[in-house]
Amino acid sequence: MGADPLTRIRTAPEISAILLDVDGTLAPIVPHPDLSAVPQDTLDVLGRLVERYALVGCVSGRSALDAARLVPVPGIHFAGNHGLELLIDGTVQLAGGVEEWLGDLRTAGAAIEPIVAEAGGWVEDKGASLTVHFREAPDPVAARALLELRAVPLLEAAGLVSRWGRMSLEARPPLPIDKGSAIEELLRERRDVRRSLYAGDDRTDIDGFAVVDVKVAVRSDETPVELIKAADVVVDGTEGLVALLATLLD
Ligand SMILES: [Mg+2]
Numbered sequence: 042m043g044a045d046p047l048t049r050i051r052t053a054p055e056i057s058a059i060l061l062d063v064d065g066t067l068a069p070i071v072p073h074p075d076l077s078a079v080p081q082d083t084l085d086v087l088g089r090l091v092e093r094y095a096l097v098g099c100v101s102g103r104s105a106l107d108a109a110r111l112v113p114v115p116g117i118h119f120a121g122n123h124g125l126e127l128l129i130d131g132t133v134q135l136a137g138g139v140e141e142w143l144g145d146l147r148t149a150g151a152a153i154e155p156i157v158a159e160a161g162g163w164v165e166d167k168g169a170s171l172t173v174h175f176r177e178a179p180d181p182v183a184a185r186a187l188l189e190l191r192a193v194p195l196l197e198a199a200g201l202v203s204r205w206g207r208m209s210l211e212a213r214p215p216l217p218i219d220k221g222s223a224i225e226e227l228l229r230e231r232r233d234v235r236r237s238l239y240a241g242d243d244r245t246d247i248d249g250f251a252v253v254d255v256k257v258a259v260r261s262d263e264t265p266v267e268l269i270k271a272a273d274v275v276v277d278g279t280e281g282l283v284a285l286l287a288t289l290l291d
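Per the working numbering, the sequence shown runs over residues 42 to 291.
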């Protein structure tokens, strides 16, 4: 790739897709996800990107509706729950195979609840997946160790796949769905889109990198080194990303 990988995107907006993670990428990381917000100047830039580019999409670990609430910009497409659901014309659609796991997710969530409480964390029921948050635990390192020892085996016994995120543990159905397949789903039947960019800040975003042309890592002191290594461009924090997005309007 040339000196500036963004040139390919910037010079061909009518055939380019801009795909973005939400938390830690558009919204600064805060102690509790309910406190997250995307700054107004970022929303303004996103609105202008929607006008210029073939497609602008958000691919989030949040539920699709929650991601849409956080990024209230008309014209943006949403994939939630790491691709387990899509928001299409205002309606949430579960990816294939997810529906039959909903009962097991509820049961497993209830089973780990006391362990998570003991660790000082809490369980977020996201419908098609569960997220255990322990950022606010008194001792996040001890919380993670406790979860690893006692919650992860219960999740695995339920047939779910667990994965560590930033101060979080996710459990989801064992389906071949990730942020990469979510992006492919958003781009399916969009033959006008021939170039794509994805920006993210966490381990699950590496799956997104696998299916796009330009990979942008948003760096913080918690960013996994694998993400940085896989990136074409690295920016510092959500402020660095909005500055980069603004250059796509030049
Ligand atoms: Mg993120």
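From the three backbone atoms N, C-alpha and C, an ideal C-beta is built for every residue, glycine too.
Just the C-alpha distance for residue i and residue j, rounded to the nearest angstrom, thanks.
i	j	result
Asp85	Leu47	20 Å
Glu211	Leu87	28 Å
Pro72	Glu177	6 Å
Glu141	Arg147	12 Å
Arg51	Val275	17 Å
Glu154	Arg236	43 Å
Thr264	Leu285	18 Å
Leu171	Ala108	15 Å
Ala251	His118	20 Å
Gly162	Leu187	11 Å
Glu165	Gly249	23 Å
Ala151	Leu201	14 Å
Arg244	Met208	12 Å
Gly182	Arg93	Note that residue 182 is Val in the sequence shown, not Gly. Roughly 44 Å between the two C-alpha positions.
Ile218	Pro194	22 Å
Val91	Val173	33 Å
Val97	Ala184	37 Å
Arg158	Pro115	In the sequence as displayed, the identity of residue 158 is Ala instead of Arg. Cα-Cα distance, rounded: 38 Å.
Ala95	Ser104	24 Å
Met42	Arg49	Summary for Met42: the model assigns pLDDT 47, below 50, so the residue's position carries little reliability, and this model does not support an answer.
Ile311	Asp233	No statement about residue 311 is possible, as the shown extent of the chain runs from 42 to 291 and does not include it.
Leu128	Cys99	10 Å
Asp273	Asp45	9 Å
Ala169	Asp277	31 Å
Gly206	Phe175	10 Å
Glu280	Glu55	26 Å
Spatial neighbours of residue i within its chain, please: C-beta separation below 7 Å, excluding the five flanking residues on both sides.
i	result
Ile247	Glu267, Leu268, Ala271
Ala240	Leu61, Asp62, Thr66, Val257, Val259, Leu282
Val79	Leu67, Ala68, Leu111, Val112
Ser77	Asp64, Ala68, Val71, Leu111
Near residue i, what residues of its chain come up, given a Cβ to Cβ distance below 6 Å and the 5 sequence neighbours on each side ignored?
i	result
Ile156	Arg191, Ala192
Leu290	Arg89
Ser222	Gly124
Ile204	Just to set this straight, residue 204 is Arg in the shown sequence, not Ile. Once the five neighbours on either side are set aside, the close Cβ partners of Arg204 are Glu211.
Ala145	Here the sequence assigns Asp to residue 145, which means Ala is not the residue at that position. So the qualifying residues of the chain are Ala199.
Gly102	His123
Pro179	Gly161
Thr83	Leu67, Val283
Gln134	Leu127
Which first and last residues belong to the alpha helix (DSSP H) in which residue i is found?
i	result
Ser268	The identity of residue 268 in the sequence shown is Leu, whereas the question assumes Ser. Unbroken alpha helix (DSSP H) run through Leu268: 266-271.
Val283	278-288
Asp291	Careful: Asp291 lies outside any alpha helix (DSSP H) and carries neither H nor E.
Gly249	246-250
Let's see if you can read the secondary structure: which residues bound the beta strand (DSSP E) around residue i?
i	result
Val257	255-260
Asp45	No beta strand (DSSP E) holds Asp45; DSSP gives it neither H nor E.
According to DSSP, what are the bridge partners of residue i?
i	result
Asp166	Leu171
Val274	Val257
Output needed for residue i: all residues of its chain with C-beta closer than 8 Å, excluding positions within five of it in sequence on either side, in chain order.
i	result
Thr288	Leu47, Arg51
Pro215	Gly200, Leu201, Val202
Give, in chain order, every unbroken run of the beta strand (DSSP E) that is at least 3 residues long and sits entirely within the region 88-156. 96-100, 118-121, 126-129, 132-135
Fully enclosed by the region 51-83, which beta strand (DSSP E) runs are 3 residues long or longer? 57-61
Complete beta strand (DSSP E) runs within the region 169-243 (minimum length 3 residues, chain order): 171-174, 202-206, 209-213, 236-241
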